[in-house]
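In the numbering used here, the protein residues as written are -1 to 218. Every residue, glycine too, gets a C-beta built ideally from N, C-alpha and C.
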Ligand SMILES: Cc1cc2nc3c(=O)[nH]c(=O)nc-3n(C[C@H](O)[C@H](O)[C@H](O)COP(=O)(O)O)c2cc1C
């Protein structure tokens, strides 16, 4: 059975990023995959980025997976064994969240082959995607802010493991109640409009993404 893992790099378990990942997970499930969501900011998940232990480079040692003994160890094992991997993150100060970047260090570095840079250590070829959510209103501004470099560079690293793609959700609704916050640059009316018109389309795209990746993975 196809195994599909969804990694939520947002501290919020029910907001924009999580909702899009949830829809992608439903798509994968409808395509027959065994699905799982991991919330990186769960209080029970204490971890850091790569600790430079080099266990993944030791001669004769276990290759291709981070075996640093902390709460992320079993997540890393499931991530390398997954047939489908979908990561999600809000844009934080121009980058994916620290939590997702730490996860990515732990995923990518063991795949870097110090004996042959051209042949990464891939435990299992996988279909993957990254979902980014942000206040940024559209693709034009995304490029103007250099997010296509700062964000997409991280996302495209998943291409080491097989075909990968990126889904963007712009101009997200950030607060439950805008009246409580100093946010004159983010007028609630236009945010609410985007939430009612664009966000449902993004959710649908996420569903189709999850379904497509799981279907492709099944076909091999
Ligand atoms: C610490 C922090 C930094 C942020 N930085 C940016 C940013 O640089 N660019 C942007 O477009 N949005 C930025 N945002 C907005 C979030 O990316 C956006 O609201 C996102 O959809 C939140 O995801 P969530 O609802 O899953 O938590 C930032 C939000 C926070 C909390």
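Check your understanding: Which of the three DSSP states, helix, strand or coil, is assigned to residue 127?
Key -> Residue mapping note: residue 127 aligns to position 129 of the chain shown, counting from 1. Here residue 127 sits in strand by DSSP.
Practice item. Taking all protein chains shown into account, decide if residue 166 is buried (16 or more other Cβ within 10 angstroms of its Cβ) or exposed. Key: Locating residue 166 in the chain shown gives position 168, counting from the first residue. Answer is buried; the Cβ neighbour count reaches 16.
Exercise for review: State the beta-bridge partners of residue 181 as determined by DSSP.
Suggested key: Working through the chain shown from its first residue, we reach residue 181 at position 183. None, per the DSSP bridge assignment.
Check your understanding: So, is residue 173 buried or exposed, given that buried needs 16 or more other C-beta atoms within 10 angstroms?
Key -> Locating residue 173 in the chain shown gives position 175, counting from the first residue. It counts as exposed.
Check your understanding: Anyone know if the C-beta pair for residue 201 and residue 82 falls short of 7 Å?
Key -> The residue you call residue 201 lines up with position 203 of the chain shown. The residue you call residue 82 lines up with position 84 of the chain shown. No. Outside cutoff.
Check your understanding: residue 4 bridges to which residues according to DSSP?
Key -> As a working mapping, residue 4 is identified with position 6 in the chain shown. 35 and 84.
Review point. Quick one: what does DSSP say residue 105 is sitting in, helix, strand or coil?
Key: Reading the chain shown from its first residue, position 107 is the one you call residue 105. DSSP places residue 105 in helix when its eight states are reduced to three.
Practice item. State the DSSP-derived secondary structure class of residue 27, mapped to helix, strand or coil. Key: Your numbering for residue 27 matches position 29 in the chain shown. Helix at residue 27.
Practice item. For residue 51, I'd like the list of residues in its chain whose CB is within less than 6 Å of its CB, leaving aside the five on either flank, ordered along the chain. Key: On the chain shown, position 53 is the one that residue 51 refers to. For residue 51, where only same-chain residues beyond five positions count, the Cβ hits under 6 Å are 66.
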